[in-house]
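These notes concern the structure reproduced below.
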Amino acid sequence: MTFAYLGALLVSLAGMVVLDWRYRLFFWRSPVRAAIVLISGVVFFLIWDLVGIDLGLFSRGETAYMTGILLAPELPLEEAFFLTFLCYLTMNLVALFDLILTARRRA
594 MTFAYLGALL VSLAGMVVLD WRYRLFFWRS PVRAAIVLIS GVVFFLIWDL VGIDLGLFSR
654 GETAYMTGIL LAPELPLEEA FFLTFLCYLT MNLVALFDLI LTARRRA
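Residue numbers (the working numbering): 594 to 700.
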């Protein structure tokens, strides 16, 4: 059991938090709305994964870099952190592009 992949995901998530804080992109702009959007996105994609697993479309790949902890059959712990990172990254990018477009309109 190794925590390499989970550690990389946690470092990446920390980077998203720092960027969000620095530029007031997502949680620092509207924390309640951000929490609702992030949780909704993660839940949606976890359900998507579970349906894909049930249909036999998705399966867990074996690798030495993962913890081996499963949240459900074929659903590794790291997937929840990856989906959180993916949703957070997306929302930070959306907010960043909104800031850029707003600044361009003002110029």
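For glycine and all other residues, C-beta sits at the position ideal for the given N, C-alpha and C.
Check your understanding: At which residue ranges does the stretch 615-697 contain complete beta strand (DSSP E) runs of 3 or more residues, listed in the order of the chain?
Key -> 663-665
Check your understanding: So what's residue 597 in DSSP terms, helix, strand or just coil?
Key -> helix
Exercise for review: Have a look at residue 664 and residue 674 and give me their C-alpha separation to the nearest angstrom.
Suggested key: 12 Å
Practice item. Select from 652, 636, 687, 659 the residue whose C-alpha is nearest the C-alpha of residue 612. Key: 687
Check your understanding: Which same chain residues, not among the five before or five after residue 545, have their C-beta less than 6 Å away from its C-beta?
Key -> Past the boundaries of the shown model lies residue 545; the chain is included only from 594 to 700, so the question cannot be answered.
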